[in-house]
Amino acid sequence: MTWSWNSRPRASVRPTLQDETLRDGIQSASAFDPAIGEKIELLHSMDGLGIGVVNVGLPAASARNRADSEALCDEIVRSKLRIRPAAAGRTVVSDLVPIVELSQRAGVPVAIYTFIGSSAIRALAEDWSVERIVRQSAEAIRFGVREGLEVCYVTEDTSRARPEVLATLYENALACGAKRLCVADTVGSATPDGVRALVGFTRSIIAANGYSDIGIDWHGHNDRGLVLMNALAALDAGADRLHACALGIGERSGNAPMELLLLNLDLADEIPVDRARLADYCALAARALHWTVPPNHPLIGGRSPGPLSRPATADAATTSGLAR
Numbered sequence: 641m642t643w644s645w646n647s648r649p650r651a652s653v654r655p656t657l658q659d660e661t662l663r664d665g666i667q668s669a670s671a672f673d674p675a676i677g678e679k680i681e682l683l684h685s686m687d688g689l690g691i692g693v694v695n696v697g698l699p700a701a702s703a704r705n706r707a708d709s710e711a712l713c714d715e716i717v718r719s720k721l722r723i724r725p726a727a728a729g730r731t732v733v734s735d736l737v738p739i740v741e742l743s744q745r746a747g748v749p750v751a752i753y754t755f756i757g758s759s760a761i762r763a764l765a766e767d768w769s770v771e772r773i774v775r776q777s778a779e780a781i782r783f784g785v786r787e788g789l790e791v792c793y794v795t796e797d798t799s800r801a802r803p804e805v806l807a808t809l810y811e812n813a814l815a816c817g818a819k820r821l822c823v824a825d826t827v828g829s830a831t832p833d834g835v836r837a838l839v840g841f842t843r844s845i846i847a848a849n850g851y852s853d854i855g856i857d858w859h860g861h862n863d864r865g866l867v868l869m870n871a872l873a874a875l876d877a878g879a880d881r882l883h884a885c886a887l888g889i890g891e892r893s894g895n896a897p898m899e900l901l902l903l904n905l906d907l908a909d910e911i912p913v914d915r916a917r918l919a920d921y922c923a924l925a926a927r928a929l930h931w932t933v934p935p936n937h938p939l940i941g942g943r944s945p946g947p948l949s950r951p952a953t954a955d956a957a958t959t960s961g962l963a964r
């Protein structure tokens with residue numbers, strides 16, 4: 641029979657997946673921002689797949705964004721879904737106030753993902769000093785913590801930031817009460833080796849400061865075509881939450897494709913996946929975001945052997961228990 645040369649996964653914990661389709665995905669210039677009814681359909685599909693967290697949007701961005709974010713949180717409560725909500729905002733208190741308000745109105749904790757650039761090129765473009773970034777970050781993180789919500793500190797462009805700057809920003813965030821750090825390959829510049837080094841560095845900063853309960857998120861983009869490999873490398877290096885979007889939709893070249901990430905985690909015995917539900921999820925996303933699925937998509941393309949009933953990776957799927 642067949643033999644597998646693939647190494648076994650080395651993840652120390654079972655990863656959580658965070659679906660960014662309704663935030664980063666719809667920021668794609670080629671994607672359509674769906675009506676709230678379609679967003680709610682997608683939300684239920686995510687929950688059915690066992691996806692742990694959904695980013696409901698940027699509530700401070702517009703009145704519609706705020707209304708849709710709140711409607712999604714209301715649906716989570718009303719339908720008693722297992723998936724947990726998160727929302728994004730800049731490291732500006734006025735961006736985070738709407739997140740706190742929607743959390744209070746919906747009656748569900750909403751994790752705050754507060755972001756700011758960390759690389760020298762971004763600081764140059766914005767005329768930011770490291771001191772200003774530290775000060776602004778501290779104010780935002782402390783606000784979220786005071787309001788009783790979990791705060792994840794997102795350093796945009798982490799993969800091009802200097803280590804001494806990241807150390808300063810991370811130490812400040814942890815001291816202010818952040819419970820998660822999000823390592824972001826914002827322009828898709830990282831390679832798998834770079835991802836392992838960066839996540840390992842982040843872990844070392846957490847440990848050196850005496851913390852044992854801080855989570856690490858990985859958020860990647862596909863500008864070099866390495867986004868799926870990078871997500872798996874991040875897991876291997878110790879990230880416990882991976883971000884992805886349906887069909888890889890996202891800014892520029894896109895984000896990690898959730899369906900392929902789920903498939904690979906299933907094949908690695910990390911997360912069990914109902915492949916019929918996965919096909920429905922992809923179809924829902926394609927319809928809602930007006931997205932054309934390429935014919936050579938590994939799972940649902942028109943030229944693949946079938947809609948997940950016997951995918952191109954069927955041999956791997958059916959023999960994953962061999963040669964361990």
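With this note's numbering, you'll find the sequence shown wraps up at 964, consecutive numbering, no jumps. Cβ atoms here follow ideal geometry from the backbone N, Cα and C, with glycine treated the same way.
When the options are compared against residue i, the one with the closest alpha-carbon
i: residue 811; options: 800, 833, 843; result: 843
i: residue 886; options: 644, 917, 803; result: 917
i: residue 690; options: 899, 933, 935; result: 899
i: residue 730; options: 779, 708, 901, 828; result: 779
i: residue 897; options: 726, 829, 861; result: 861
i: residue 657; options: 681, 642, 688, 670; result: 688
i: residue 744; options: 789, 760, 891; result: 789
i: residue 705; options: 827, 915, 833, 675; result: 675
i: residue 835; options: 866, 815, 698; result: 866
i: residue 800; options: 758, 732, 665; result: 758
i: residue 852; options: 818, 692, 685; result: 818
i: residue 752; options: 883, 793, 734; result: 793
i: residue 833; options: 874, 847, 707, 879; result: 874
i: residue 715; options: 681, 785, 942, 760; result: 681
i: residue 841; options: 856, 708, 911, 784; result: 856
Separation of residue j from residue i, as counted between CA atoms
i: residue 913; j: residue 927; result: 22 angstroms
i: residue 945; j: residue 822; result: Low per-residue confidence applies at residue 945: pLDDT is 49, beneath 50, and the placement is therefore not dependable enough to give any value.
i: residue 797; j: residue 767; result: 16 angstroms
i: residue 711; j: residue 920; result: 22 angstroms
i: residue 1021; j: residue 858; result: Nothing in the structure corresponds to residue 1021, since the chain is present only between 641 and 964.
i: residue 703; j: residue 647; result: 48 angstroms
i: residue 720; j: residue 750; result: 15 angstroms
i: residue 697; j: residue 854; result: 23 angstroms
i: residue 932; j: residue 782; result: 42 angstroms
i: residue 839; j: residue 685; result: 30 angstroms
i: residue 661; j: residue 683; result: 10 angstroms
i: residue 701; j: residue 934; result: 31 angstroms
i: residue 936; j: residue 894; result: 17 angstroms
i: residue 764; j: residue 645; result: 46 angstroms
CB of residue i within 8 angstroms of CB of residue j, strictly
i: residue 845; j: residue 807; result: yes
i: residue 889; j: residue 929; result: yes
i: residue 736; j: residue 773; result: no
i: residue 770; j: residue 723; result: no
i: residue 975; j: residue 791; result: The chain is shown only over 641 to 964; residue 975 falls outside these bounds and no answer can be derived.
i: residue 870; j: residue 814; result: no
i: residue 795; j: residue 824; result: yes
i: residue 659; j: residue 884; result: yes
i: residue 699; j: residue 738; result: yes
i: residue 924; j: residue 901; result: no
Close Cβ partners of residue i (< 6 angstroms) along its chain, the five nearest in sequence each way excluded
i: residue 654; result: none
i: residue 949; result: Bear in mind that the predicted position of residue 949 carries a pLDDT of just 45, short of 50, making it too unreliable to give a figure here.
i: residue 666; result: 673
i: residue 816; result: 778, 781, 782
i: residue 802; result: none
Cutoff 8 angstroms; reference residue i; Cβ partners in own chain excluding five residues on either side
i: residue 904; result: 868, 872
i: residue 624; result: Because the chain spans 641 through 964 in this model, residue 624 falls outside it and cannot be assessed.
Close beta carbons around residue i, own chain, < 7 angstroms, minus the five adjacent residues each side
i: residue 1014; result: Given a span of 641 to 964 for the chain in the structure shown, any question on residue 1014 remains unanswerable.
i: residue 805; result: 758, 770
i: residue 733; result: 779, 780, 783
Identity of the residues DSSP links to residue i by a beta bridge
i: residue 656; result: 881
i: residue 796; result: 757
i: residue 895; result: 861
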